[in-house]
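Some notes on the structure that comes next.
Protein chains: 2
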Amino acid sequence: MTSIEAKFAQLGTDHAPGQEVRQADRGTGGQLRGEPLAGTPVDFSHGDVNDSAFPPAPGALDAFVAGERRGGSQAYTEYRGAAVLREKVAKHLSAFTGRPIAADRELIFTPGTQGALFLALGATVNAGDRIAIIRPDYFANRKLVTFLGAEVVPVRLDYLGHTDRAGLDLTELEAAFTSGVKTFLFSNPNNPTGVVYSPDEVAAIAKLAEQYGVTVIADQLYSRLVYSGQEFTHLAAAGIAPERVLTIMGPSKTESLSGYRLGVAFGAAHLIERAEKLQAIVSLRAPGYSQAVLGTWFEEPKGWLADRTKQHEAIRDDLVKVFRKVQGLTVRTPEAGSYLFPKLPALAIPLHDFVTALRVQARVIVTPGTEFSPDTTDSIRLNFSQNHGAAVQAVERITQLIERYRKA
Amino acid sequence: MTSIEAKFAQLGTDHAPGQEVRQADRGTGGQLRGEPLAGTPVDFSHGDVNDSAFPPAPGALDAFVAGERRGGSQAYTEYRGAAVLREKVAKHLSAFTGRPIAADRELIFTPGTQGALFLALGATVNAGDRIAIIRPDYFANRKLVTFLGAEVVPVRLDYLGHTDRAGLDLTELEAAFTSGVKTFLFSNPNNPTGVVYSPDEVAAIAKLAEQYGVTVIADQLYSRLVYSGQEFTHLAAAGIAPERVLTIMGPSKTESLSGYRLGVAFGAAHLIERAEKLQAIVSLRAPGYSQAVLGTWFEEPKGWLADRTKQHEAIRDDLVKVFRKVQGLTVRTPEAGSYLFPKLPALAIPLHDFVTALRVQARVIVTPGTEFSPDTTDSIRLNFSQNHGAAVQAVERITQLIERYRKA
């Protein structure tokens, strides 16, 4: 039995995105070289939802205010969310994923997509279980498994070795399933790399899950922000039995509605039932008035999503161009989402010190690769949902500091 | 090891407050007697936040809208909450409790007070631990302990046996501590009974906690709504070491801000640190824009709280008067909060069927006593934060149905 001290020692948030302020007095060990670089500060740890970058999708605040005006019926919804809104959202998600979703049994609203992820894992995983997790993948995945007293079985994603598929190591995945893993969690598009699993990869996951009786949790938070020429395959519609898959999404990213804390989980009815029981003790329900904002989801003005996608694609292209000028730096062009995950050339200082130097000297906040896999000690994650011009200049400052700290 | 199916079987929400709609097709076994009673429907499972009853405290919506306008800095706060708001709230909570609270180390904002309760327990309790819980007490307490794989050690509250104190069985509490319990959770004012622990009881809890090295989680959600002639003692200021106590509160009840989902936990710095790590994987943070509403907490217009308290006290007095006309019914006058927990005379049908009859025949929703203790099979809980006139008439309908179903 792990002591509670030991358990929480494994749940560190010091380098987690959004917590950089806690490092204000983190020393730099006197290793800083040269002078600070001038420029607009950019916080790449999360998207910029201000008007100068990507503000909330239209109609959100009005929907919230209307929800507040409705009063009690909007404040006190069923724990799984207001029925009338679940009907609406289920209809959209059915059309979006190509798999019918029953509003009354197969959908729950949660406080943010993080809430959905926690409920999905908590409903599926018991202490002592072994869970397959991709490396690299979303930083909270391994922490959730630890909190639940389960064990991580890592599966490699060779995202730099491919361009026609995500790079899932299917041999490792099957070996994990053979060894008794009963839950598999992965994000698609992948966070931090922005790669999209190919139709063949998704079909293989579905087939293996069926063969070994594995429940799959698909974190598809970024599945609406898919770039030109890219196909997206929903696991839920890829031939897997409905009771074996839970999909999680939310309007926090593409739609910039993070400040409302809204997410959804949908799929296997028996797991949604458990998720609601768990939500009853974790947070009761997604914020009542905020739930009203979900009524605007997938109902954005015509052309809004296409425009937003195009704007992100343009930023992506420019940032990749700047990064690719750096000798020894490797970066795969993201196919969806708003993350870039460049692998840096060898540096003279450790990764976390370089991240500190970026913050202190370049006024740029990035997330160290170690949050996503213990192996990616040479990579940084950037959320490029930012003001276009400021982001390009900030990445230019990053490349300057790479040169300054490059290993001789 | 409990299977995950068995674990969730213990976390039922069928009778939990707010979930009554899920019972729409629950049969009544043909036991219904007589005709429906006319009257305005009243949902006593939670407070009524509509304008006809107790609307949100003034300024809340404006503060939310201002938060949304601030954009990213309000959407993406530290996981423990925006620093500037923590400073403000810590100052108020220090004055309120009489115990200084450090904004940077001893306070966290959470999604609702339920979120605070989950984080407090999750930060304190490990699988296999034994936790002392009051019976009766808030319905989620035992479920939280179950989810965390720990064991409930019940301690009796003889709330009907006293009027000068809550009725805590100190012998049982000490026996629990002697037997190795290291965490004690209790609500003060007590939910569901509305009784307040006396200064002596609180002092005894503090003393025993010190003596046996027990961490105490004090759920003081209702501690601002205290009726005339009643004294309230904050455990945190009762001579217990700061590292032994976490207090949880929130603006959902007295202030009717439940639709924003806001709560706080404050106290022991090392537990707040863990709570933030846990929040990072459960929901990341309290809703960003909603956090701005906490800037209005404890800053309501002069006289607002006194008026609201007086209005609740008047409702309390009227409802108690109606209930006390029923022969064989016992109810203690609540000293704080907005709950009534009458013990009914013997009925000819089981409690859950009577609760169904109330819903179907009297259009009144109450919560069965079994949610709060397995022993209170003859009690119902009412949240009387309702429209005054409608509440009185609804309780009159309850008394009519008690007579209709009274055991011969």
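Going down the list, the sequences are from chains X and W. Under the numbering used here, the first residue of the first sequence carries the number 482, and numbering increases by one thereafter. Under the numbering used here, the first residue of the second sequence carries the number 482, and numbering increases by one thereafter. Beta carbons: idealized from backbone N, C-alpha and C, even for Gly. Quantities reported herein were computed from a predicted structural model and do not represent experimental measurements.
- The stretch 671-687 of chain W makes contact with the stretch 639-655 of chain W: 3 or more CB pairs, one atom from each, lie closer than 8 Å.
- For the pair Q701 (chain W) and I721 (chain W), the CB atoms are not nearer than the 9 Å cut-off.
- Inter-residue distance for A487 (chain X) and T627 (chain X) is about 10 Å (C-alpha atoms, whole angstroms).
- In the DSSP assignment, S704 (chain W) falls outside any alpha helix (DSSP H), carrying neither H nor E.
- For A544 (chain W), not one C-beta of chain X is nearer than 9 Å to its own C-beta.
- One alpha carbon belongs to H833 (chain W), the other to P849 (chain W), and they sit about 7 Å apart.
- At the C-beta level, V726 (chain X) and G748 (chain X) come within 9 Å of one another.
- No alpha helix (DSSP H) of 4 residues or more sits fully in the stretch 787-813 of chain X.
- The shortest C-alpha to C-alpha distance from T494 (chain W) to any of W:F620, W:R840 and W:E884 is the one to W:F620.
- Counted as a single uninterrupted DSSP element, the stretch harbouring V502 (chain X) is not any alpha helix (DSSP H), since DSSP gives it neither H nor E.
- Look at K824 (chain W) here: in three-state DSSP terms it is strand.
- Here the stretch 785-796 of chain X makes no contact with the stretch 765-777 of chain X; the two share fewer than three CB pairs at distances below 8 Å.
- Sixteen is the threshold: since fewer than 16 other Cβ atoms of the shown chains lie within 10 Å of the Cβ of K806 (chain X), the residue is exposed.
- In this structure, the beta-carbon distance from P670 (chain X) to E816 (chain X) falls below 9 Å.
- Runs of beta strand (DSSP E) with 3 or more residues, each lying fully within the stretch 659-687 of chain W, are found at 664-668, listed in chain order.
- Taking a C-beta cut-off of 8 Å against chain X, the contacting residues of the stretch 757-779 of chain W are E757, K758, L759, A761, I762, V763, S764, L765, R766, A767, P768, G769, Y770 and S771, listed in chain order.
- For secondary structure counted as the beta strand (DSSP E) over 3 or more consecutive residues, the stretch 848-883 of chain X holds these complete runs in sequence order: 861-864.
- Those residues of the stretch 865-879 of chain X placed with their C-beta closer than 9 Å to a C-beta in chain W do not exist.
- Taking the beta carbon of I589 (chain X) as reference, no residue of chain W falls within 7 Å; the closest one sits roughly 12 Å away.
- When C-alpha distances from G642 (chain X) are compared across X:V812, X:D856, X:V570 and X:S737, the shortest belongs to X:V812.
- Going by DSSP, V626 (chain X) is part of the alpha helix (DSSP H) stretching over A621 to F628.
- Contact check between the stretch 516-527 of chain W and the stretch 834-844 of chain W: three or more CB pairs, one atom from each, fall below 8 Å, which counts as touching.
- Assignment of beta-bridge partners to I846 (chain W) by DSSP yields W:D524.
- Proximity of the stretch 536-546 of chain W to the stretch 534-554 of chain X meets the contact definition, three or more beta-carbon pairs being nearer than 8 Å.
- With 16 or more other Cβ atoms from the protein chains shown falling within 10 Å of its own Cβ, K758 (chain W) counts as buried.
- Pairing V606 (chain W) with S739 (chain W) gives a Cβ-Cβ distance that is not under 9 Å.
- By the Cβ neighbour-count rule, Q874 (chain W) is buried, with 16 or more other Cβ atoms within 10 Å of its own.
- Secondary structure at E780 (chain W): coil, using DSSP grouped into helix, strand and coil.
- T696 (chain W) has W:T664 as its beta-bridge partners, per DSSP.
- In the DSSP assignment, T605 (chain X) falls within the alpha helix (DSSP H) that extends over G593 to T605.
- Judged by DSSP secondary structure, G748 (chain W) falls within the beta strand (DSSP E) whose first and last residues are G744 to G748.
- Interface flag for S819 (chain X) against chain W is unset, since no Cβ pair is found closer than 9 Å.
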